[in-house]
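Only one structure is covered here, and it is reproduced in the block below.
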Amino acid sequence: MTRVVLDLHHQGKLHAVLAAGGSGGSAIASQAMRALPIGVPKVLVSTMAGGDVAPYVDSSDLTMMYSVV
Numbered sequence: 001m002t003r004v005v006l007d008l009h010h011q012g013k014l015h016a017v018l019a020a021g022g023s024g025g026s027a028i029a030s031q032a033m034r035a036l037p038i039g040v041p042k043v044l045v046s047t048m049a050g051g052d053v054a055p056y057v058d059s060s061d062l063t064m065m066y067s068v069v
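The opening position of the sequence shown corresponds to residue 1 in the working numbering, with each subsequent residue numbered one higher.
Next up, the structure:
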């Protein structure tokens, strides 16, 4: 997923990323989002946002929102 996201960004076809998922989907999506440069909007709606989000966000400008389920 990371390679696809970076390729789309370099081609000018990706201007923002929005993803939703549980623990597995959040891990995959956040890895791809963190690979993008600072300034590209990134929002991850996740059931994991209610706890420690450091493993997903790290030192990036990724925004996580809790999904009410």
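Cβ coordinates follow ideal geometry from the N, Cα and C atoms, glycine included.
Burial is judged here by how many other beta carbons sit within 10 angstroms of a residue's own beta carbon; V4 has fewer than 16 and is exposed. Below 8 Å, enough C-beta pairs join the stretch 39-53 and the stretch 14-28 to call them touching: three or more.
Of V40, T63, A54 and Y56, the smallest CA-CA separation from A16 is found for V40. In the three-state scheme derived from DSSP, where H, G and I count as helix and E and B as strand, L18 is classed as strand.
About 5 Å separates the Cβ atoms of R34 and S60, confirming a contact at the 8 Å cut-off.
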